[in-house]
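Counting in the working numbering, the sequence shown runs from 10 upward without gaps.
For each residue, glycine too, the CB sits at the ideal point set by N, CA and C.
Right, one structure below, let's go through it.
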Amino acid sequence: MIKEPEPHSFETEERPIVTAPGDLQPEERLAMERPGLRDWMELRLGWWGFVRKNLDEPMPPGVGWWQTLGNLLLTLLAFQFTTGVLMAMYYSPAPQTAYNSVKHLTTEVAAGAIIRGLHVWGSALIVVVMVMHTLRVFFWGSYKKPRELTWVCGVLIFQVMLGFSFTGYLLPWDQKAYWATVVGTRIAATVPFIGHELLILVRGGEEVGALTLTRFYAVHVMLLPAALMGLVGLHLYLVRRHHIAGPVMPQKGKPQPFFPNQLFKDAVVVVAGLAALFWLTLNLPPGLEAMADPAGTDFTPRPEWYFLGLYELLKIMPPGYEALATLVIPGLITVGMFALPWLDRSKSRHPAKRGWVMLVGMGVILLIGLMTLKGILETPPSSHHSAPAQEGGAPAVE
Ligand code: HEM
10 MIKEPEPHSF
20 ETEERPIVTA
30 PGDLQPEERL
40 AMERPGLRDW
50 MELRLGWWGF
60 VRKNLDEPMP
70 PGVGWWQTLG
80 NLLLTLLAFQ
90 FTTGVLMAMY
100 YSPAPQTAYN
110 SVKHLTTEVA
120 AGAIIRGLHV
130 WGSALIVVVM
140 VMHTLRVFFW
150 GSYKKPRELT
160 WVCGVLIFQV
170 MLGFSFTGYL
180 LPWDQKAYWA
190 TVVGTRIAAT
200 VPFIGHELLI
210 LVRGGEEVGA
220 LTLTRFYAVH
230 VMLLPAALMG
240 LVGLHLYLVR
250 RHHIAGPVMP
260 QKGKPQPFFP
270 NQLFKDAVVV
280 VAGLAALFWL
290 TLNLPPGLEA
300 MADPAGTDFT
310 PRPEWYFLGL
320 YELLKIMPPG
330 YEALATLVIP
340 GLITVGMFAL
350 PWLDRSKSRH
360 PAKRGWVMLV
370 GMGVILLIGL
380 MTLKGILETP
390 PSSHHSAPAQ
400 EGGAPAVE
């Protein structure tokens, strides 16, 4: 029989009055009959009870710095939402205006360059931290029963984050944005049978143009944020429901509450992460290239760095085999990630007892790492080489 975990109670321990008014002292009952504003709110919202419950969340012995990355991700997401909303107040999603609205934001608006810098660097940092968080969960085997759906939810979040990056890249409507999207969207055309229809759907027409921009904007600021909020909410609910998994080899000792020790570690990592974010923003502000010129012929398409691995893979594919790099290999890795909790049949979470899973996992990590490195080393930092990808057929790459 499946044993249900203890249901969540949102009532504070200090307020048994809510459940058992008969046990109260007369003055306590009086206080509740005519409660102060704080008690009145608490009786209805249960907010402090909720906070208290989370501060008391038991951490198994051995939980520490590696478990701080999830909360760093939450903090970075909060920055992304805030800076994104601020930028949306100045951004205008049309080919004639998009570029100049971004230029205006960065050159004329007070703190505009910082807001854009935080958003651009924040997106890169989120990918780095998300990969670290995923690797931590993978090596700790924390995707195993009963946390399979926490993992699946995480993999979905991963896809959504890549979607954010792909759609956001086009928005400044400069040369880099335009040509990366020309090549990136052409991947849709490599899907067998419905490739062309898919390409039209993604671009809103044959070419990357005004409809592509509005489509990407709508997906970037409406569809994906809504999906992300739902998924992150579910992820956190599941993390709380199943509690955090302890280390691979259970350690001696009693579970400790989240507050103060783990909260302190989380705070240190969050402060360090934000310091890195501000340092990058202030010292390496993101640039803006020339405005997109669909008729230009002298631009080398350059995708965002975390798509460079895929791009390199595409470059080494012989003609006619492009779909291997655009669909088959990334598709297999994605399906493998979703199915990991069921593919890995071993009972133990110890890496040594998960032989083939570790081997395949390390192989994939190595492949992606090396291809990305190759891409970073080989991709010119600016734009002045060969002709852009030619329309039709497979994506043209250097
Ligand atoms: C923006 C993205 C994400 C956020 C905000 C987030 C947040 C969190 C938080 C706060 C925790 C608990 C603390 C910790 O273990 O660090 C956690 C645990 C977990 N996360 Fe994520 N996460 C994200 C992405 C992912 C991804 C991409 C995956 C996997 C592909 C994933 C899988 C898991 C799993 C399985 C756990 C449970 C770990 C355990 O019990 O030890 N998460 N996440």
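Distance from the Cα of A334 is smallest, within the candidate group T116, L83, M346 and F316, for F316. Here Q265 carries a strand assignment [DSSP, helix/strand/coil]. Taking C-beta separations shorter than 7 angstroms and ignoring five residues to either side along the sequence, the partners of H142 in its chain run L78, G79 and L82, following chain order. In this structure, I124 sits near T92, with a CB-CB distance shorter than 8 angstroms.
Here the distance from the Cβ of A281 to the nearest heavy atom of the ligand HEM is not below 7 angstroms. Between P294 and G126, the beta carbon gap of about 5 angstroms places them in contact (Cβ cut-off 8 angstroms). In this structure, DSSP gives M300 an extended state, which the three-state scheme calls strand. The continuous alpha helix (DSSP H) containing D275 extends over residues L272 to N292. Taken through DSSP and simplified to helix, strand or coil, P201 comes out as coil.
Looking at the DSSP output, P67 shares a beta bridge with P266. In the three-state reduction of the DSSP assignment, D48 falls in the helix class. Taking C-beta atoms as the reference points, E313 and S174 count as a pair closer than 8 angstroms.
For M139, the CB contacts under 8 angstroms within the same chain, skipping 5 residues up- and downstream, are L82, I166, F167 and M170 in chain order. In terms of side-chain proximity, the C-beta atom of T143 is found nearer than 7 angstroms to a non-hydrogen atom of the ligand HEM. The C-alpha of P69 is placed about 7 angstroms away from the C-alpha of K263. Closest in C-alpha terms to F148, from the list L247, A254 and W49, comes A254. Rounded to the nearest whole angstrom, the CA to CA distance from V337 to A198 is 14 angstroms. Taking all protein chains shown into account, F202 has fewer than 16 neighbouring C-beta atoms within 10 Å of its C-beta and is therefore exposed.
In this structure I325 is exposed. Its beta-carbon is surrounded by fewer than 16 other beta-carbon atoms within 10 angstroms. Taking C-beta atoms under 8 angstroms as the contact rule, V191 and V217 qualify, at a distance of about 5 angstroms.
Put simply, the stretch 177 to 188 touches the stretch 285 to 303. At least three CB pairs are less than 8 angstroms apart. Between the ligand HEM and the CB of L208, the shortest heavy atom gap is not smaller than 7 angstroms. Residue T84 holds the alpha-carbon nearest to the alpha-carbon of V280 among T84, L33, G71 and L144. Under the Cβ criterion (8 angstroms, minimum of three pairs), the stretch 108 to 118 does not count as touching the stretch 272 to 289.
Excluding its 5 nearest sequence neighbours in each direction, A348 has no C-beta neighbour in its own chain below 6 angstroms.
Annotation: I377 to Y108 spans about 32 angstroms, alpha carbon to alpha carbon. Cβ-Cβ distances below 6 angstroms link R212 to T194 and T221 in the same chain, with the five nearest sequence neighbours on each side left out; the list follows chain order. Excluding the 5 residues flanking it on each side, D302 has same chain C-beta neighbours closer than 7 angstroms at Q184, in chain order. Rounded to the nearest angstrom, the Cβ distance from P360 to W160 is 16 angstroms, too far for a contact under 8 angstroms. A buried status is given to H128, since no fewer than 16 other beta-carbon atoms sit within 10 Å of its beta-carbon. Between the ligand HEM and the CB of Y152, the shortest heavy atom gap is smaller than 7 angstroms. The C-alpha of V369 is placed about 15 angstroms away from the C-alpha of S355. Cβ-Cβ distances below 6 angstroms link Y100 to S110 in the same chain, with the five nearest sequence neighbours on each side left out; the list follows chain order.
Counting along the chain, Y152 sits inside no alpha helix (DSSP H), nor does DSSP assign it H or E at all.
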